[in-house]
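Going by the numbering used here, the first residue of the first sequence is number 1174, and it counts up by one from there.
Note that beta-carbon positions come from the ideal geometry of N, C-alpha and C, so glycine has one too.
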Amino acid sequence: MKRTHHCNELRSAHIGQTVTLSGWVHSRRDLGGLIFIDIRDREGRTQTVFDPSDLPAELFECAAALRSECVVSVTGKVRQRPEGTNNVKIPTGEIEVAAGALEVLNMADVLPFPVDDPEVAKTVNEELRLQYRYLDLRRPEMTRNLRLRSKVATATRFFFDEQGFLEVETPTLFKSTPEGAREFLVPARLHPGKFYALPQSPQQFKQILMVAGVEKYFQLARCYRDEDLRADRQPEFTQIDIEMSFIEREDIYALIEELLKRVWKTALNIDIPTPFKRLSFEEALNRYGIDKPDTRYGIELVDFTEEFRASAFKVFSGAIAVGGVVKAINAKGLADATQGQIETMTEYAKSFGAKGLAYIKVEKGEWKSPIVKFFSSAEKAALTEKLKIEEGDLILFAADQWLNACEILGKIRIYCADLLKSQGKLMVPADRFDFLWVVDFPLLAYDKEQNRWFSSHHPFTAPVAADIPLLTTDPKKVRGQHYDIVVNGVELGGGSIRIHRPDVQKTVFEDVLQIPAEMVKARFGYMLEAFRFGAPPHGGIALGFDRLIAILCGTSSIRDVIAFPKTAKGTCLMTESPAPVESKQLRDLHLELRVAKKD
RNA sequence: GGGGGUGUAGCUCAAUUGGUUAGAGCGCUGCCCUGUCACGGCAGAGGUUACGGGUUCGAGUCCCGCCACUCCCGCCA
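Here it is as structure tokens:
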């Protein structure tokens, strides 16, 4: 070993020992006759001192020539710092190493951006950080994220091992099942014209593992989706994938609550209370306008459909007359919103399909609004009572079909909350975590363009048993045994009890989803066949591991918790992937390109 | 595919209404400095204002195009 201790290890107890530290030159303070060099490694940093009075001249010269991020090994004696020169900011601040020998393991060029100053480093352009990711990852903040990720992965594996689960690896060379997300395809050299597909999740394999009698399966599984990226979506990502046999929904809730309890304790030393709250899909939409509500603040949606059914304000009564609803939120303390901010909100609402955004500002005891003149005194009284209107409030309305009205106001609710937070009028403690289960999702949703039903989760989700007869008669009413786990407005994961009877699965594929029988056979035939040979009732869930770590690290972008993430356009700035290939490679794969060459 | 934001020195940012030689801090280079830890002092180098057009006597600034990064919508069974 080129070191005897790491750089966060030496304390006054080590005084007098001869030690060797290895690491990077974190900072260098050359006082002319005396040089201080802080050596940094993964664990921390330690001050070394080069004193010309007890060093050969060439060694001192060598120390003077060092620059930031050179890699060195320093050997010397640990000693107490002189009175009054301790550094209370670092754990090794009581001692220093009086250098007796210096080995320069590698020099470093001048860096494209500083890694030693956290204040500057966190404002550095992400483009540059991604291009020089290895430098970015040297920053203690990033090292901490990697460390926490590893720790949580280990805790997860321990937990599932204790609970009797087997970690089973499933193929990443799978076949295309174009029902869901767009897939990455892999040409099969040995089978001209055929392709593998990278799995968007191990869904089918984990269900087959249940048929195989594994009973309790988990995997930290890499998944791939060729869709557009977001701050919380990467083309390749990791999920904690789980499947169990002979269980019901309650068993999954209890298991995941225990897992998250363990994870929060391990990562943050926080005890989270269980069981988690539960909210039906309908209630989530009604109260928060979204199926993954952030319940750390109020601003809940309130329904005024009955109050405005016969209103003189035709925008509201008209919407209700065609089967719609009127809903409102009270953004407390936002009456001082500028006309520009109201305009921004209106444009925002319109971008989600709203026709407009009615509002009332409550200022100086007056309701300032272009629409309030149409309201009867009874309507005003109802608003005041149900929205608890006070001085300084901003009331915002949506009138539309139920789902639209809820979703528009749900987006505006989040916008208002962000605005209030930025103004310091709404405080959300960083260590608050609101977990909840969202349940009772509709099994199916209707695609107007394609004129057919599609699975709101996936086609393997079991209907609530009592609703099975409705599958062919009234699909809209069928509830699915699906559940989502949500924390602070982030969808952390979702799962379901699966269909385990081949006849029900066949009905869903062919009669409900209208997939032709021969296509079902080609895509899912092996699954239906497997289910004929004794499939246990089973169900599972998958948690987004990257999102989980991002929440624990307090960052909104999963790029911060992935060592080598892709940009929003799916490229890697460090390796410059994706990249063109040689024509021989294409020939081997029986492929011919038809794109115009672009450079 | 669509909408918003950003792009000026190695980094972070300025630059009045379109007007002199595009500035500052940090970093970098040289010199000085024996108790610093954001070391300090003196001096210096460093710019195709992302890129390509256009308008103008004159463009970092206005217009058109284009590229990259980013946020959002669509998309993510």
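- Message: Helix, strand or coil, according to DSSP, for Phe1486 in the structure here?
- Response: Three-state result, Phe1486: coil.
Restricting to Cα atoms, I'd like to know which of Gly1471, Val1488, Ile1420 and Ala1457 is closest to Pro1543.
Out of Gly1471, Val1488, Ile1420 and Ala1457, Val1488 has the C-alpha closest to the C-alpha of Pro1543.
Checklist entry - Could you give the residue range of the alpha helix (DSSP H) that holds Cys1579? => result It spans Trp1575 to Ser1595 - the alpha helix (DSSP H) in which Cys1579 sits, taken as one unbroken run.
For Val1612, is the classification buried or exposed, using 16 other Cβ atoms within 10 angstroms of its Cβ as the cut-off for buried? So Val1612 ends up on the buried side.
| request: Run through the region 1221 to 1258 for me and flag every whole alpha helix (DSSP H) of 4 or more residues, listed as ranges in chain order. | output: Those alpha helix (DSSP H) runs which fall completely within the region 1221 to 1258 and span 4+ residues are 1230 to 1237.
Checklist line | Distance, Val1659 Cα to Gly1666 Cα | finding: Cα to Cα, the separation comes out at about 7 Å.
Query raised in the report: Along the chain, which unbroken stretches of the alpha helix (DSSP H) at least 4 residues long are found entirely within the region 1354 to 1416?
Result: The region 1354 to 1416 contains these whole alpha helix (DSSP H) runs: 1376 to 1384.
My output table needs one value for Val1545: the three-state DSSP class, helix, strand or coil. DSSP places Val1545 in the helix class (H, G or I) of the three-state scheme.
Label Thr1316 either buried or exposed according to how many other C-beta atoms from any shown protein chain fall within 10 Å of its C-beta, with 16 as the threshold for buried. Classification of Thr1316: exposed, given that the 10 Å Cβ count is below 16.
- Message: If you measure between the beta carbons of Leu1599 and Ala1590, is that distance less than 8 Å?
- Response: Against a cut-off of 8 Å, the Cβ pair of Ala1590 and Leu1599 comes out as a contact.
| DSSP three-state call for Cys1726: helix, strand or coil? | Note: Cys1726 maps to helix in three-state DSSP.
ask   = Just to confirm, are Ile1413 and Leu1609 a CB contact at a threshold of 8 Å?
value = No.
> Quick one: what's got a C-beta closer than 8 Å to Ser1549's C-beta in the same chain, skipping five residues either side?
Replying inline: These residues qualify, in order along the chain: Ser1484 and Ala1485.
List, from N- to C-terminal side, the alpha helix (DSSP H) runs of 4 residues or more that fit wholly inside the region 1465 to 1539. Here the runs fully enclosed are 1487 to 1494 and 1512 to 1524.
Could you give the first and the last residue of the continuous alpha helix (DSSP H) run that contains Thr1327?
Pro1313 to Glu1335 is the span of the alpha helix (DSSP H), which, as asked, contains Thr1327.
_Candidates Glu1314, Glu1216, Phe1286 and Pro1291, of which the one nearest Tyr1305 by Cα_ = Cα-wise, what sits closest to Tyr1305 is Phe1286.
Range of the contiguous alpha helix (DSSP H) that encloses Glu1552 = First-last of the alpha helix (DSSP H) with Glu1552: Ser1550 to Leu1560.
Nearest by alpha-carbon distance to Phe1338: which of Glu1314, Cys1579, Leu1207 and Leu1393 is it? Among Glu1314, Cys1579, Leu1207 and Leu1393, the Cα nearest to that of Phe1338 belongs to Leu1393.
If we ignore side chains and look at the alpha-carbon of each, how far apart do Ala1708 and Glu1421 end up?
-> The straight-line gap separating the alpha-carbon atoms of Ala1708 and Glu1421 is approximately 15 Å.
One or two residues paired with Pro1615 in a DSSP bridge: As a beta-bridge residue in DSSP terms, Pro1615 pairs with Arg1652.
* To do: Using the Cα positions of Glu1416 and Thr1343, report the straight-line distance between them to the nearest angstrom.
  => One alpha carbon belongs to Glu1416, the other to Thr1343, and they sit about 13 Å apart.
*asked:* Does the region 1515 to 1534 come into contact with the region 1563 to 1583, if we say contact requires no fewer than three beta-carbon pairs (one atom in each stretch) closer than 8 Å?
replied: Yes: at least three Cβ pairs fall under 8 Å.
Where the alpha helix (DSSP H) containing Arg1787 begins and where it ends | Any question about residue 1787 goes unanswered here, given that the chain covers just 1174 to 1772.
Expressed to the nearest angstrom, what Euclidean distance is found between the alpha-carbon atoms of Asn1624 and Asp1684? If you take the alpha carbons of Asn1624 and Asp1684, they lie about 14 Å apart.
Q.
What does the alpha-carbon distance come out to for the pair Glu1335 and Gly1713?
A. In a straight line, the C-alpha of Glu1335 is about 18 Å away from that of Gly1713.
Practice task
Find the nearest neighbour of Thr1248 within the set His1630, Ser1200 and Ser1195, judged by alpha-carbon distance.
Solution key: The option with the nearest alpha carbon to Thr1248 is Ser1195.
Q) Is Phe1633 closer than 8 Å to Ile1688 when the C-beta atoms are compared? A) Not closer than 8 Å, so no.
Next item on the list: Classify Val1341 as helix, strand or coil using the three-state DSSP reduction.
Entry: Here Val1341 sits in coil by DSSP.
Do you know how far the Cα of Gly1189 is from the Cα of Ile1268?
When only Cα atoms are considered, Ile1268 and Gly1189 end up about 10 Å apart.
Buried or exposed: Gly1668, going by 16 or more other Cβ atoms within 10 Å of its Cβ?
Under the 10 Å beta carbon count, Gly1668 is surrounded by 16 or more other beta carbons and is classified as buried.
*Please report how far the alpha carbon of Glu1340 lies from the alpha carbon of Val1384, in whole angstroms.*
C-alpha separation (whole angstroms): 16 Å.
Open item on the list: Classify Asp1676: buried if its beta carbon has 16 or more other beta carbons within 10 angstroms, exposed otherwise.
Closed with: Asp1676 should be labelled exposed.
message: So if DSSP puts Ser1453 in a beta bridge, which residue, or which two residues, is it bridged to?
response: DSSP output for Ser1453 lists Val1612 as bridge partner(s).
Q.
Going by beta-carbon coordinates alone, are Tyr1532 and Ile1568 separated by less than 8 Å?
A. Taking 8 Å as the cut-off, the beta carbon of Tyr1532 is found closer than this to the beta carbon of Ile1568.
Q: Please list, in chain order, all residues of the same chain as Val1535 whose beta carbon is under 8 Å from its beta carbon, the five residues on each side excluded.
A: In chain order, Ala1508, Lys1541, Ile1562, Glu1563, Glu1564, Gly1565, Asp1566, Leu1567 and Ile1568 place their CB closer than 8 Å to the CB of Val1535, counting only its own chain and leaving out the 5 sequence neighbours on each side.
Handout entry: C-alpha gap between Gln1253 and Arg1201, whole angstroms
Key = One Cα belongs to Gln1253, the other to Arg1201, and the distance between them is close to 20 Å.
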